[in-house]
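Let me begin by presenting the structure, written as structure tokens, before commenting on it.
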Amino acid sequence: MSIEETASLNFNEKKTNVECRNVFKIFKQGSLEVVALRNINLKIYQGEIVVIMGPSGSGKTTILNLISGMVEPTAGKIIVDGRDVTKLKDDEIQKHLQTKIGIVFQFFNLVPSLTAKGNLELPLIIANAPVAYRKERVDYLLEAVDMTNRANHRPYTLSGGEKQRIAIAAAIANDPLILLADEPSGNIDSVAEQKVLEIFRKFIDQNPKKSLIIVTHNANIRKIADRTFILKDGQIIRELGKRKEKNSFTSEEEEAMNHVYDEAEKVFNPAFRIPEFNELKGCPICHSENIMKKWDQEHGNFHIHNSQIVTRATIFCKDCAQISFEDCSVYDIQKDLV
Numbered sequence: 001m002s003i004e005e006t007a008s009l010n011f012n013e014k015k016t017n018v019e020c021r022n023v024f025k026i027f028k029q030g031s032l033e034v035v036a037l038r039n040i041n042l043k044i045y046q047g048e049i050v051v052i053m054g055p056s057g058s059g060k061t062t063i064l065n066l067i068s069g070m071v072e073p074t075a076g077k078i079i080v081d082g083r084d085v086t087k088l089k090d091d092e093i094q095k096h097l098q099t100k101i102g103i104v105f106q107f108f109n110l111v112p113s114l115t116a117k118g119n120l121e122l123p124l125i126i127a128n129a130p131v132a133y134r135k136e137r138v139d140y141l142l143e144a145v146d147m148t149n150r151a152n153h154r155p156y157t158l159s160g161g162e163k164q165r166i167a168i169a170a171a172i173a174n175d176p177l178i179l180l181a182d183e184p185s186g187n188i189d190s191v192a193e194q195k196v197l198e199i200f201r202k203f204i205d206q207n208p209k210k211s212l213i214i215v216t217h218n219a220n221i222r223k224i225a226d227r228t229f230i231l232k233d234g235q236i237i238r239e240l241g242k243r244k245e246k247n248s249f250t251s252e253e254e255e256a257m258n259h260v261y262d263e264a265e266k267v268f269n270p271a272f273r274i275p276e277f278n279e280l281k282g283c284p285i286c287h288s289e290n291i292m293k294k295w296d297q298e299h300g301n302f303h304i305h306n307s308q309i310v311t312r313a314t315i316f317c318k319d320c321a322q323i324s325f326e327d328c329s330v331y332d333i334q335k336d337l338v
């Protein structure tokens with residue numbers, strides 16, 4: 001029996017919250033077809049944290065969009081809490097998003113004019129929750145993410161980590177069954193990241209019938225994962241079980257896991273070069289070259305990566321009508337070195 005099979009035995013006895021059956025997603029650009037996902041089959045169980053990793057364009061975010069119901073698969077089924085999401089009508093999708101799904105975005109998606117408390121109350125208002133319940137729920141959420149003392153602060157006064165904590169609280173405001181997190185550590189520092197991971201772990205520990213799915217480039221997030229799926233070119237190429245401390249492996253497990261890590265390293269190598277702005281030629285979602293792009297002046301912070309000065313670009317695709325964000329290099333120091 002493989003390590004992956006052994007690691008997943010405990011989940012086979014639990015209820016399946018999410019199942020993808022033979023899922024394909026193809027984006028069409030005129031006569032051209034781009035296959036974003038190829039025959040995805042996976043099950044996610046109650047009380048489970050699943051991490052999905054892979055390079056840009058591998059299909060990670062597309063899986064989240066399919067589970068949320070915001071995007072339809074070209075073929076296959078998406079089963080959430082026993083119901084086929086692909087058969088839901090528009091009004092049912094809205095209810096699905098309000099009652100079954102919570103989404104944590106990389107760039108927070110907070111309403112700038114509302115306080116932290118107001119951003120938490122907004123999804124409850126949309127769901128027509130009673131006033132008394134809204135107040136009680138907001139107070140609970142603020143305490144759950146350790147933000148009670150920042151309740152009346154607007155997003156522009158909060159740090160990146162504080163914004164992400166409020167974003168997580170807003171995502172769980174309506175008590176969803178499935179929490180989806182898209183690059184939740186992408187715009188926060190390592191200290192804030194640790195706090196966010198603690199909140200995620202606590203959320204599942206306190207809600208053992210719920211599930212959390214995280215897509216990320218950050219291998220450090222694997223430490224809270226029960227299972228990790230590695231994607232490449234729209235396919236699951238590897239499933240990893242719960243990460244162990246190295247000294248807890250048997251010699252046989254260590255040899256096997258070293259082989260797995262070597263394969264994973266080939267898929268997402270952190271030493272890759274960030275493309276320059278003028279090298280961004282296509283949509284990262286459907287790969288169309290029919291795009292508009294600009295510097296993200298509102299949220300694009302600068303940082304150094306492998307001798308490159310990096311910020312963020314906003315890309316709008318005229319074919320799939322999606323807005324996406326890509327890191328890009330403003331200046332490459334290596335080019336000037338002799």
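Under my numbering, think of the first position of the sequence shown as 1, with each following residue one higher.
We put the beta carbon where it would ideally sit given N, CA and C, even for glycine.
Do you know offhand how far residue i's Cα is from residue j's?
| i | j | result |
| --- | --- | --- |
| Lys28 | Thr86 | 19 Å |
| Asn128 | Ala170 | 15 Å |
| Leu110 | His217 | 23 Å |
| Asp175 | Lys100 | 8 Å |
| Phe107 | Gly82 | 31 Å |
| Gln206 | Phe316 | 39 Å |
| Asp189 | Gly160 | 8 Å |
| Asn269 | Ala192 | Reliability of the predicted coordinates at Asn269 is poor, the pLDDT of 49 falling under 50, and the value obtained from them is presented with this limitation in mind. Between Asn269 and Ala192, the C-alpha separation is close to 23 Å. |
| Ser56 | Leu32 | 20 Å |
| Arg201 | Val215 | 15 Å |
| Ile224 | Lys209 | 17 Å |
| Lys318 | Val196 | 35 Å |
| Thr61 | Cys286 | 12 Å |
| His153 | Ile309 | 31 Å |
| Lys117 | Pro275 | 39 Å |
| Ser58 | Ser288 | 15 Å |
| Pro284 | Glu72 | 18 Å |
| Val51 | Thr115 | 31 Å |
| Lys232 | Arg134 | 42 Å |
| Ala36 | Ile93 | 22 Å |
| Ile78 | Ile40 | 10 Å |
| Arg137 | Leu88 | 29 Å |
Using C-beta distances below 7 Å, list every residue in its chain close to residue i, excluding the 5 sequence neighbours before and after it, in chain order.
| i | result |
| --- | --- |
| Arg38 | Phe24, Gly234 and Gln235 |
| Asn119 | Leu110, Val111, Ile166 and Ala170 |
In the structure shown, what three-state DSSP assignment does residue i receive?
| i | result |
| --- | --- |
| Phe229 | strand |
| Asn278 | helix |
| Leu110 | coil |
| Thr115 | coil |
| Glu92 | helix |
| Glu162 | helix |
| Glu136 | helix |
| Arg48 | Sequence check: residue 48 is Glu here, not Arg. Strand at Glu48. |
| Lys28 | strand |
| Val145 | coil |
| Ser324 | strand |
| Ala171 | helix |
| Ala36 | strand |
Closer than 8 Å by C-beta to residue i: which residues in its own chain qualify, once you throw out the five before and the five after it? Chain order, please.
| i | result |
| --- | --- |
| Asp139 | Thr148 |
| Phe277 | Lys293, Trp295, Ala313, Cys328, Ser329 and Val330 |
| Val339 | Because residue 339 is not part of the residues shown, which for the chain are 1 to 338, the question remains open. |
Which partner residues does residue i have in the DSSP bridge list?
| i | result |
| --- | --- |
| Ala181 | Val104 and Ile214 |
| Cys20 | Leu42 and Ile78 |
| Gln235 | Lys232 |
| Cys317 | Ile291 |
| Val131 | Per DSSP, none; premise fails for Val131. |
| Leu240 | Thr228 |
List the endpoints of the continuous alpha helix (DSSP H) containing residue i.
| i | result |
| --- | --- |
| Asn293 | Here residue 293 turns out to be Lys, not Asn, going by the sequence shown. It is not in any alpha helix (DSSP H) - Lys293 instead sits in the beta strand (DSSP E) that spans Ile291 to Trp295. |
| Ile67 | Lys60 to Ser68 |
| Glu72 | Here Glu72 belongs to no alpha helix (DSSP H), and DSSP marks it neither H nor E. |
| Val85 | Where Val85 is concerned, there is no enclosing alpha helix (DSSP H), given that its DSSP letter is neither H nor E. |
| Arg201 | Ser190 to Gln206 |
Beta-carbon within less than 6 Å of residue i's beta-carbon, same chain only, minus the 5 sequence neighbours each way: which residues are those?
| i | result |
| --- | --- |
| Leu142 | Thr148 and Ala151 |
| Ile44 | Asn17, Val18, Val50 and Ser211 |
| Ile213 | Val50 and Leu180 |
| Ile323 | Phe316 |
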